Amino acid sequence: MNVLLRHVRWWSGAREDAGDIRIRRGVVAEMGRGLAVGRRERVLELAGHLVLPGLINCHDHLALDLLPLLGTPPYRNMYEWADDIYHPETPPISHILRVGLRDRLRWGAVRNLIAGATTVMHHDPYSRRWFTARFPVRVPARYGWSHSLGFGEDLAADFQRSSGPYVVHAAEGLDARSAAEVDQLDELGVVGRRTVLVHGVGVTTSQQRMMVEAGCGLVWCPASNLRLYGRTAPIADLKGRIRIGLGTDSTLSGSPHLLDELRAAADTGLATPDELLRMVTTDAADLLQLDAGAGRLAPHAAADLCVMPDTGRSPAETLLHTTPADLALVMVAGTPRLAAPEWATALDEGGPHARIDGRTKWLSVDVAALRARIHKATDGVGVRDNPIWHTVQADGSAGGSA
Ligand SMILES: [Zn+2]
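For the sequence shown, position 309 (counting from the first letter as 1) is numbered 1739 according to the working numbering, and the numbering increases by one without interruption.
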């Protein structure tokens, strides 16, 4: 689909500018003022809107995003939390597991799409079967991972047999066990430039120095950390010294979605709005070794983007004031995945619409059918308390049930 986004303001990943953006064959073809309308090009008159690169959620477990917040914090570490909440034979987990993996992953994708996230780093094995070009968000395929020191088997082997980023939960807690983990990972030989540590709540000062020397990166999940442990990673000490990306973690512990996670991160005062914008775009792309142009808007880069009402503030401040109901358009590789009705019509996207926080949107996922299958499998148990279950409804339904 060839599209011309006209009269917008944008942030490219490096600078702010205004004009038109031409999208051809899935990539940004041209950005500039007063571009002529091409042949067979759909024109969206988007005056009063801001275009940002599609956001990157650096940490999620897509198959768990149907669950509600679980547990009774505070905990000393992630293992204590997991012992407390992980009872697959009893509700709500038993009921959520009755939903097929495909639908659980799709719900996780919807949770990200409604927040303008077009790429999600999935902390689980990659699934060639489900993460096709039609899956609503991009899921990077090239990565290595281990769950954590406590729930992994052979981390050194996971590290050695993988390429791209190697991602592992680490130092998720406040106690001695958490504080020892980064040293233990280092002894296993898995802390290097490829390594992406998730959480890092309990890292010590000497470990911070070691992380800087090793050149590893960190995914920051402040909402989950503050909820479970009352503390988060020492971002003020680490920023500028290592690469940092922002992640939501799953709905079991984190924010409802990435836009809320950005606000939770801003509320800590540990990073500026501009730093946060980079943590979900350019810095995230570099951390996760994504393709050239990812997390940026530039000629030849994939046309992954999100469009929101322009508040007139800086791009980063505008993003921090954006809610799922506000989003006008989300595209992955130039293909619309979410659109306000007028833009869906302009792009010739029909089919069922959804209601997101009460506002009608077109989504590339049939939300009514997905919700019906999930409700049938679970009888509503568990999903009723899922934060996104209330945010994303079938169009025409007002209640909170099916
Ligand atoms: Zn996680």
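Beta carbons: idealized from backbone N, C-alpha and C, even for Gly.
Note that the coordinates shown come from a computational prediction; the quantities given were computed from them, not determined experimentally.
Please state whether the Cβ-Cβ distance between residue i and residue j is less than 8 Å.
| i | j | result |
| --- | --- | --- |
| residue 1536 | residue 1566 | yes |
| residue 1752 | residue 1740 | no |
| residue 1654 | residue 1684 | yes |
| residue 1597 | residue 1626 | yes |
| residue 1784 | residue 1770 | no |
| residue 1679 | residue 1646 | no |
| residue 1688 | residue 1487 | yes |
| residue 1496 | residue 1529 | yes |
| residue 1578 | residue 1610 | no |
| residue 1521 | residue 1826 | no |
| residue 1493 | residue 1534 | yes |
| residue 1595 | residue 1624 | yes |
| residue 1795 | residue 1544 | no |
| residue 1682 | residue 1527 | no |
| residue 1589 | residue 1574 | yes |
| residue 1670 | residue 1648 | no |
At what residues does the alpha helix (DSSP H) containing residue i begin and finish?
| i | result |
| --- | --- |
| residue 1659 | 1652-1659 |
| residue 1745 | 1745-1750 |
Tell me whether residue i, by its Cβ, gets closer than 7 Å to a heavy atom of ligand 1.
| i | result |
| --- | --- |
| residue 1679 | yes |
| residue 1805 | no |
| residue 1628 | yes |
| residue 1491 | yes |
| residue 1687 | no |
| residue 1599 | yes |
Would you say the beta carbon of residue i comes nearer than 7 Å to a heavy atom of ligand 3?
| i | result |
| --- | --- |
| residue 1553 | What this structure holds is ligand 1, not ligand 3. |
Give the straight-line distance between the Cα atoms of residue i and residue j, rounded to the nearest whole angstrom.
| i | j | result |
| --- | --- | --- |
| residue 1742 | residue 1480 | 9 Å |
| residue 1730 | residue 1509 | 44 Å |
| residue 1765 | residue 1444 | 24 Å |
| residue 1641 | residue 1659 | 22 Å |
| residue 1457 | residue 1762 | 10 Å |
| residue 1700 | residue 1552 | 25 Å |
| residue 1674 | residue 1506 | 24 Å |
| residue 1819 | residue 1525 | 15 Å |
| residue 1489 | residue 1774 | 29 Å |
| residue 1760 | residue 1724 | 15 Å |
| residue 1828 | residue 1617 | In this prediction, residue 1828 has a pLDDT of 43, which is less than 50 and means its spatial position is unreliable; nothing more can be read from the coordinates. |
| residue 1661 | residue 1814 | 28 Å |
| residue 1607 | residue 1628 | 16 Å |
| residue 1584 | residue 1482 | 40 Å |
| residue 1450 | residue 1436 | 4 Å |
| residue 1663 | residue 1478 | 37 Å |
| residue 1464 | residue 1712 | 27 Å |
| residue 1697 | residue 1657 | 14 Å |
| residue 1564 | residue 1571 | 15 Å |
| residue 1634 | residue 1710 | 25 Å |
| residue 1714 | residue 1708 | 7 Å |
| residue 1702 | residue 1668 | 14 Å |
| residue 1454 | residue 1466 | 14 Å |
| residue 1541 | residue 1485 | 13 Å |
How would you write the range of the beta strand (DSSP E) that residue i sits in, first residue to last?
| i | result |
| --- | --- |
| residue 1791 | 1789-1793 |
| residue 1600 | 1596-1600 |
| residue 1491 | It is not in any beta strand (DSSP E) - residue 1491 carries neither H nor E in the DSSP assignment. |
| residue 1551 | 1547-1552 |
| residue 1434 | 1433-1441 |
Compare the Cα-Cα distances from residue i to each of the options and report the closest residue.
| i | options | result |
| --- | --- | --- |
| residue 1447 | 1489, 1727, 1474 | 1727 |
| residue 1786 | 1531, 1695, 1824 | 1824 |
| residue 1704 | 1676, 1686, 1682 | 1676 |
| residue 1473 | 1776, 1810, 1822, 1798 | 1776 |
| residue 1438 | 1792, 1737, 1811, 1755 | 1737 |
| residue 1469 | 1682, 1431, 1613 | 1431 |
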